[in-house]
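Participant: Residue numbers (this note's numbering): 334 to 705.
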């Protein structure tokens, strides 16, 4: 108690102010209740009295008996005091953070005022424009985000194509073009003293190569290449929805192309492909026995597929819901969309590559032969 006099005094002052406000509010009420004290006020008085009585008893009868070898109650109180100190240190860290923000605001207040004015002008314009009517209800938008059976696109003579397929083609083409440019223009210029691009590429390749070697030290050449390709596809495909690429449906409506893996067919295809890679590792490492070891995990492609589909679809649905309403469609979608998309991109890339490499190493490992 001696170490926390200021905190207790501040707490008591806040309680006193709250009680005084409650009494004044109760006294100004008119009604037939027959009194000015509400049940909530009585509860506040009771809780405060119990806390004060408990603190007084601890101070008078418990603290003087504290010993070098603490008992259970002493351990409990000391643990609570440690938590109080941790909360204080955490609050101090936040205080330092906000002081840094305050210093930044003081140094750049003119630019921040201009930015705030632009944001308020855009907000006023968005509210003034309002919504000019939706081509579909929120229920239809959410249903189509899952099934893709309404807003379909014409493609290469086909009258109804899933927009997720267009996204898959675009992402695949971008990755192939990027890989070709890196191979032709970047890799021949690699040096012993790496530049920024070389360091980024080496770090990415080294990350997946290390994951493959740790999970399958005996057979990891093809595994490292596959998890790098699959991780790049999941990451870039998830970030694709941030670009907001527009397309026109067969009904003449404009829609935003979704992430490829938000379609259950793409998620199932990638999950089954990863399972076949695991099966190939079992066959290469243990022959027919490897097939048996792989088939034991019969639920693996289902779990991998629906994990990808569910995680990416949840972010898509939240973003669709926020964009649908005009009073939420200003600034907030940027935060929500970026947060969900980046989080899912990182987590799902790690989960898919980690599970694939782990199961590949397990089924491709040769059984140990004990020699007598």
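All C-beta atoms in this analysis are idealised placements derived from N, C-alpha and C, irrespective of residue type, glycine included. Just so we're clear, the structure is a prediction, and the values are computed from it rather than from any experiment.
By DSSP, does residue 485 sit in helix, in strand, or in coil?
Facilitator: Of the three classes helix, strand and coil, the one that applies to residue 485 here is coil, per DSSP.
Participant: Sort 633, 545, 673 by Cα distance to residue 575 and report the nearest one.
Facilitator: Nearest C-alpha to residue 575: 673.
Participant: Determine the DSSP secondary structure at residue 367, reduced to helix, strand or coil.
Facilitator: Below a pLDDT of 50, predicted positions are generally treated as unreliable, and residue 367, at 48, falls in that range; the measurement from the model is reported next regardless. The answer is coil: DSSP assigns residue 367 none of H, G, I, E or B.
Participant: Does the Cβ-Cβ distance between residue 583 and residue 485 come in under 7 angstroms?
Facilitator: Yes, these two residues count as a Cβ contact at 7 angstroms.
Participant: Measure the alpha-carbon distance for residue 388 versus residue 406 and round it to whole angstroms.
Facilitator: Rounded to whole angstroms, residue 388 to residue 406 spans 14 angstroms at the Cα level.
Participant: Select from 384, 398, 688, 579 the residue whose C-alpha is nearest the C-alpha of residue 603.
Facilitator: With distances taken between Cα atoms, residue 603 lies closest to 688.
Participant: Could you give the distance in angstroms between the alpha-carbon of residue 541 and the alpha-carbon of residue 606?
Facilitator: Between residue 541 and residue 606, the C-alpha separation is close to 18 angstroms.
Participant: Let me know the secondary structure DSSP gives residue 491 once reduced to three states.
Facilitator: In the structure shown, residue 491 sits in a strand (DSSP, three-state: E or B).
Participant: Output yes or no for whether 7 angstroms exceeds the beta carbon distance between residue 633 and residue 594.
Facilitator: It is not a contact, given that the beta carbons lie outside the stated cut-off.
Participant: Compute the distance between the beta-carbons of residue 557 and residue 565, then report whether it is under 7 angstroms.
Facilitator: Going by C-beta atoms, residue 557 is not nearer than 7 angstroms to residue 565.
Participant: In the DSSP output, which residue or residues are listed as bridge partners for residue 588?
Facilitator: Partner(s): 580.
Participant: Work out the CA separation of residue 496 and residue 570 for me, nearest whole Å.
Facilitator: Each residue's Cα considered, the two are about 13 angstroms apart.
Participant: Take residue 691 and list the residues in its own chain whose beta-carbon comes closer than 6 angstroms to its own, dropping the five residues that flank it on each side.
Facilitator: Here the set comprises 548.
Participant: Would you list, in sequence order, the uninterrupted beta strand (DSSP E) runs of no fewer than 3 residues that lie entirely inside the region 482 to 560?
Facilitator: As far as the region 482 to 560 is concerned, its whole beta strand (DSSP E) runs of at least 3 residues are 486 to 488, 491 to 494.
Participant: What are the boundary residues of the alpha helix (DSSP H) that includes residue 616?
Facilitator: Here the alpha helix (DSSP H) through residue 616 covers 597 to 619.
Participant: Does the Cβ of residue 403 have 16 or more other Cβ atoms within 10 Å, making it buried, or fewer, making it exposed?
Facilitator: Burial call: exposed.
Participant: Express the C-alpha separation of residue 499 and residue 489 in angstroms, rounding to a whole number.
Facilitator: Distance between the alpha carbons of residue 489 and residue 499 is about 11 angstroms.
Participant: For residue 632, name the three-state secondary structure that DSSP assigns.
Facilitator: It is coil, neither helix nor strand.
Participant: Using the rule of at least 16 other Cβ atoms within 10 Å of the residue's Cβ for burial, across every protein chain shown, is residue 573 buried or exposed?
Facilitator: Buried, by the Cβ-count rule.
Participant: Does DSSP put residue 699 in a helix, in a strand, or in coil?
Facilitator: Three-state DSSP puts residue 699 in coil, outside helix and strand.
Participant: Should residue 693 and residue 614 be called a contact, given that it needs their Cβ atoms to be closer than 7 angstroms?
Facilitator: Their beta carbons are under 7 angstroms apart, which means residue 693 touches residue 614 by this criterion.
Participant: Going by beta carbon distance, what residues of the same chain come within less than 8 angstroms of residue 283, once the five residues before and after it are set aside?
Facilitator: Because the chain spans 334 through 705 in this model, residue 283 falls outside it and cannot be assessed.
Participant: Tell me the rounded alpha-carbon separation between residue 507 and residue 697.
Facilitator: For residue 507 and residue 697, the distance between alpha carbons rounds to 33 angstroms.
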